[in-house]
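K.L.:
The structure is given below, and queries will be raised subsequently.
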Amino acid sequence: MIARILIWLLIVLVAAFTYPGALIVSLATRVAPPPTASTGPTGAVSWLHVAHPPDTRPYIADEQGRMVLLHGAIPASLLEFGPGSGPIYPLDTAAYENGQCPANSRSSRYPPLCMADLSQMAALGFNSVRLPISWSLLEPQRGRFSTAYVDRVAQIVDWARSLRMYVIVDMHQNAFSHFVGAGDSTVDLAYNSGAPDWATFTDGMPSHVSAGQRELNAAVLEATTNFWYDRDGIQDEYLAALAFVASRFRDDPVVAGYGVYNEPLFGWSVPPGFEDLLLFPFYRRAIDAITGVRDGIPCWSGFFMPAPCGYRDLGVGDRRHLMFVDTGLLREVTDFPTHLGLPLSSYPNVVLAIHAYTHIYTIDALTGQKAANATYPWGGYDQSYDLAEREAKAMDAALFVSEFGNAPADDDLILNAQLLEQEKHRTGFAFWPWKESGGGNWGMFAPPESPDASSGCLRVSRERMLARAYPRVTGDATLTYHYDPSDGRFTMHARGQAGDPTTGVYVPRSVTGQITSDGAVRVVVSDEPDGSRIAFASPTGGDFVVAVSPAPLALTGCG
Amino acid sequence: MRDRAATRALVLGLLALPFGVFAPFAIWSGARSLRRIRASGGELRGGASAGGGLIAGLIGLATFLIGTAYWLIAS
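In structure tokens:
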């Protein structure tokens, strides 16, 4: 009799803690009423939210309900990479006031982020910046959060405010932490970032990188696994750190939202169990903690929390910001979903964030194939985007490319193809990286000619492709548009009823063609002080076209 | 005497909860073991394990089917 009871108890426990429990909690979020948005002051920019139309994929929208496309880049200088510890550039905001910019450091692969950088971004037509931050700088000692670090983030948010840009604050990591151990000569901790020393449990695993991939390191995999299983409550500390940041920006619409965890590595777990039973439940708990919604079931904290577990309200009460949730890292390799695509939360402002590295980190590239004649992905560049649309729809989330990039030599092939997919799937992007000061070769800018310079000149191929005409906001979430970077030609087909919200087409300074329109629309063109133009298209009832005629591009970049 | 397949069914059933791919094997193994135990007239034991494995397999299969159906419908 006792054996019978124990067997059934075991089955109930395993079912509750694994897929059956996870499925019930996930589906329950789909029928739970969405929480009411928290109130907050209006600001320099419109609050963003995720709109949930009945017949199309959810999308990021402004207060008028218009779809918003975020274009931006990713400056990396607020990150702490190894092998040392502590910020390389000053956190004291005074060092950046009145246009000052600290000297470039040879200790960092990235130059300091200054006001001039955001002005340069805005001049390229970027309306957002994805700002990666390191947990190790945010909480260098357990339970003690760095106000100076968040002050520095707030300074950048203020710069963005002055330029009417959004900031996505991204809790970043690469290969878990640079405290995983220097190991042998295969390990270069200059490429690791993330967790502080006190939260990095490698359990004596050797730090040795295999196949040249920083993640394929037993110490990294062990430390990552310990995080997902909440060893010693480190996941609780991470959520507290995120809450510390979120409470600072609770009422600030310039902060579009938070990237909860960058490029989640599976550790010793395997997909799809990793995503469905560890990663996405962790995201749900992060949303519970920040917003106060209670989607999971009440559980303990401080050690392993199974998939159905929710999390306590950490008192931030933020129900307005977007929550960007990255797919598992392996998805970058497969360009194929590595999770079930279950609903995540009753909180409506969830954005599924993919990293688009087709032919760079996908299987074909890792096996040595060249992008031009790769045999994978079978669906080409579209495979990742098409499936991501389906994943986002199943999760009732908007879609965003929170990271993509490539070597400049591949711009005509890879960058062009990625941007075409983003147009086709109407998704915004964040380009990695903004600037590099040496060692790297992917930046928007060439490396600096002198060590102290922040960067070299703007790469002309990047300017040509990324400073593009696009609809920044539109009342028609099903519109189609295309920008041709060879001659600046732009065409957008949309439709709307009289009185519908205006569509705003941004045309960068470098695109010089004439703006025209056709059909049921009234267009007013605003000439902006920086030489760009914005065409405000008000529908009058029916189909309409806004176009920019081909003309030589006025590019300023080099190369 | 204990039916050997009963324990196998229970293990497969428990595995089917996190890994749905094991569900058909758990169901098959549990059903066969239960049938043998009932036909033995009390000679074979392990009914609880076999039944548990069968139920766990069915839960695993149902979860797998519902999850897949949700994906197909919602996406």
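The listed protein sequences correspond, in order, to chains A and B.
FYI, the numbering used here numbers position 185 of the first sequence as 185, with every residue one higher than the one before it.
Counting the second sequence from 1 gives a position; the numbering used here is that position plus 559.
Every residue, glycine too, gets a C-beta built ideally from N, C-alpha and C.
Quick caveat: nothing in here was measured; it's all calculated off a predicted structure.
Do you know offhand how far B/I586's Cα is from B/L576's?
P.N.:
Answer to the nearest angstrom: the Cα atoms are 12 Å apart.
K.L.:
Hey, is A/G225's beta-carbon within less than 7 Å of any beta-carbon in chain B?
P.N.:
As written in the sequence, residue 225 of chain A is Thr, which differs from the Gly given in the question. Judged by the 7 Å Cβ criterion, A/T225 is not in contact with chain B.
K.L.:
Comparing the C-beta of B/S588 with each C-beta of chain A, is any distance below 7 Å?
P.N.:
Taking Cβ atoms only, chain A never reaches closer than 7 Å to B/S588, which makes this a no.
K.L.:
For the structure I just gave you, are there three or more beta carbon pairs, one from the region 546-559 of chain A and one from the region 489-504 of chain A, closer than 8 Å?
P.N.:
As far as the Cβ criterion goes, the region 546-559 of chain A touches the region 489-504 of chain A, which means the pair count is three or higher.
K.L.:
So, is the C-beta of A/T29 closer than 7 Å to a C-beta in chain B?
P.N.:
It does not: the Cβ of A/T29 has no partner Cβ on chain B nearer than 7 Å.
K.L.:
To the nearest angstrom, how far is the alpha carbon of A/Y89 from that of A/L27?
P.N.:
So the alpha carbons of these two residues sit roughly 46 Å apart.
K.L.:
If you draw a straight line from the alpha carbon of A/A256 to that of A/D230, how long is it in whole angstroms?
P.N.:
Going by the C-alpha atoms only, they are around 28 Å apart.
K.L.:
Show which residues of chain B have a CB atom less than 8 Å away from the CB atom of A/A391.
P.N.:
Rather than Ala, the amino acid found at residue 391 of chain A in this sequence is Glu. What A/E391 touches in chain B: S634.
K.L.:
Is any beta-carbon of chain A found at less than 7 Å from that of B/A607?
P.N.:
Chain A, which has a Cβ nearer than 7 Å to the Cβ of B/A607, makes this yes.
K.L.:
Which residues in the same chain have their Cβ closer than 6 Å to the Cβ of A/D543, if we skip the five residues on either side of it in sequence?
P.N.:
Around A/D543: R495, G519.
K.L.:
I'd like to check one pair, A/P111 with A/E517: are the Cβ atoms closer than 7 Å?
P.N.:
Looking at the sequence shown, residue 517 of chain A is not Glu but Ser. No; because the gap between Cβ atoms is not below 7 Å, this pair is not in contact.
K.L.:
According to DSSP, simplified to helix, strand and coil, what is A/F429?
P.N.:
Three-state DSSP puts A/F429 in a strand.
K.L.:
Check A/E403 in the structure and name its three-state DSSP category.
P.N.:
Of the three classes helix, strand and coil, the one that applies to A/E403 here is strand, per DSSP.
K.L.:
Between which two residues does the beta strand (DSSP E) harbouring A/R161 extend?
P.N.:
Where A/R161 is concerned, there is no enclosing beta strand (DSSP E), although the alpha helix (DSSP H) it sits in stretches over 147-162.
K.L.:
Report yes or no: is there a C-beta of chain A within less than 7 Å of the C-beta of B/T566?
P.N.:
Not closer than 7 Å to any Cβ of chain A, the Cβ of B/T566 fails to qualify, so no.
K.L.:
Taking DSSP's pairing of strands, which residues face A/S210 in a bridge?
P.N.:
Partner(s): A/Q213.
K.L.:
Using a Cβ cut-off of 7 Å (strictly closer), state whether B/P583 contacts chain A.
P.N.:
Output row for B/P583: interface = no.
K.L.:
For the region 280-313 of chain A, list every residue whose C-beta sits within 7 Å of some C-beta in chain B, in sequence order.
P.N.:
So nothing in the stretch comes that close.
K.L.:
Step through the CB atoms of chain A and report whether any lies within less than 7 Å of the CB of B/I618.
P.N.:
It does: the Cβ of B/I618 has a partner Cβ on chain A nearer than 7 Å.
K.L.:
Looking at the secondary structure, which residues open and close the alpha helix (DSSP H) in which A/M395 lies?
P.N.:
A/M395 -> alpha helix (DSSP H) spans 380-395.
K.L.:
Determine the direct distance from the alpha carbon of A/A22 to that of B/F581, and round the result to whole angstroms.
P.N.:
B/F581 and A/A22: Cα-Cα distance of roughly 18 Å.
K.L.:
Would you say B/P577 touches the ligand SAM, meaning its beta carbon is less than 6 Å from a heavy atom?
P.N.:
The ligand SAM is not part of the structure shown, which contains no ligands of any sort.
K.L.:
In this structure, how does DSSP classify A/Y89 when only helix, strand and coil are distinguished?
P.N.:
Coil.
K.L.:
Between B/I618, B/I625, B/L624, B/R561, which has its C-alpha nearest A/L13's C-alpha?
P.N.:
Checking every option, the nearest Cα to that of A/L13 belongs to B/I618.
K.L.:
At least one CB of chain B closer than 7 Å to the CB of A/P20: is that the case?
P.N.:
Yes, because at least one Cβ of chain B sits closer than 7 Å to the Cβ of A/P20.
K.L.:
Terminal residues of the continuous beta strand (DSSP E) containing A/F324?
P.N.:
Start and end: 322-326.
K.L.:
Assuming A/V180 contacts A/V220 under a Cβ cut-off of 8 Å, what Cβ separation, rounded to an integer in Å, is found between them?
P.N.:
Going by Cβ atoms, the distance from A/V180 to A/V220 rounds to 5 Å, so yes, they are a contact pair.
K.L.:
When you compare the CB positions of A/M444 and A/W432, do they come within less than 7 Å of one another, or not?
P.N.:
The answer is no: Cβ separation not under 7 Å.
K.L.:
Would you mind reading off the limits of the beta strand (DSSP E) that contains A/T29?
P.N.:
Per DSSP, A/T29 belongs to no beta strand (DSSP E); it is in the alpha helix (DSSP H), 19-31.
K.L.:
Can you tell me whether A/K393 is buried or exposed? The criterion is at least 16 other CB atoms within 10 Å of its CB, across all chains shown.
P.N.:
Buried, by the Cβ-count rule.
K.L.:
Identify the residues that DSSP records as bridge partners of A/V255: which are they?
P.N.:
According to DSSP, A/V255 bridges with A/V167.
K.L.:
Enumerate in chain order the residues of its own chain whose CB-to-CB distance from A/A95 is below 7 Å, with the five nearest sequence positions on each side excluded.
P.N.:
The residues are P102.
K.L.:
So, helix, strand or coil for A/N262, using DSSP?
P.N.:
Correct three-state label for A/N262: coil.
K.L.:
Put A/V14 into one of helix, strand or coil per three-state DSSP.
P.N.:
Here A/V14 sits in helix by DSSP.
K.L.:
If you count every other CB in all the chains shown that lies within 10 Å of the CB of A/S77, and 16 or more means buried, which is it?
P.N.:
Buried is the call here.
K.L.:
A/V316 lies in the beta strand (DSSP E); which residues open and close that run?
P.N.:
Careful: A/V316 lies outside any beta strand (DSSP E) and carries neither H nor E.
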